[in-house]
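For the sequence shown, position 8 matches number 9 in the numbering used here, and the numbering has no gaps at all. Ideal Cβ placement from N, Cα and C applies to all residues, glycine included. Presented below is the structure to which this report refers.
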Amino acid sequence: MLSFTGDFYTENPIHVKVNAKGRFVVNLESPLTDNTISPALDKVNLRMREDNFFSTFSPAPVAVCLANNHIFDFGDVGLED
Numbered sequence: 002m003l004s005f006t007g008d009f010y011t012e013n014p015i016h017v018k019v020n021a022k023g024r025f026v027v028n029l030e031s032p033l034t035d036n037t038i039s040p041a042l043d044k045v046n047l048r049m050r051e052d053n054f055f056s057t058f059s060p061a062p063v064a065v066c067l068a069n070n071h072i073f074d075f076g077d078v079g080l081e082d
């Protein structure tokens, strides 16, 4: 069984209990990057550290969805990270 969650973003690790049978997919609301240079200077820029993401979810999701309005907040570098 595969379940889907809504948007996920956090600046710090948090405890999340996913009540799903089987594996799950997360809509990642920001890039996982340590890059601090953003080409989008006139908007709210979201980014999350990779270790925050993985320490929040255990077990890790089977996949993440990147189709959202913040995925390019830190340019191609943020997306590639």
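Which of helix, strand or coil DSSP assigns to residue i
| i | result |
| --- | --- |
| N53 | helix |
| G8 | It should be noted that the sequence gives Asp, not Gly, for residue 8. Reduced to three states, the DSSP call for D8 is strand. |
| L67 | coil |
| V17 | coil |
Neighbourhood of residue i by C-beta, 6 Å cutoff - its chain only, sequence neighbours within 5 removed
| i | result |
| --- | --- |
| G76 | P40 |
| G79 | P32, T34, N36 |
Residues near residue i in its chain [Cβ-Cβ closer than 7 Å; skip 5 each side]
| i | result |
| --- | --- |
| I72 | P32, L80 |
| D82 | P32, L33, T34, N36 |
| E30 | D8, F9, Y10, L47, N69, H71 |
Within the chosen definition, does the segment 8 to 16 reach the segment 46 to 65 through at least 3 CB pairs nearer than 8 Å?
-> Cβ pair count under 8 Å is three or more, so yes.
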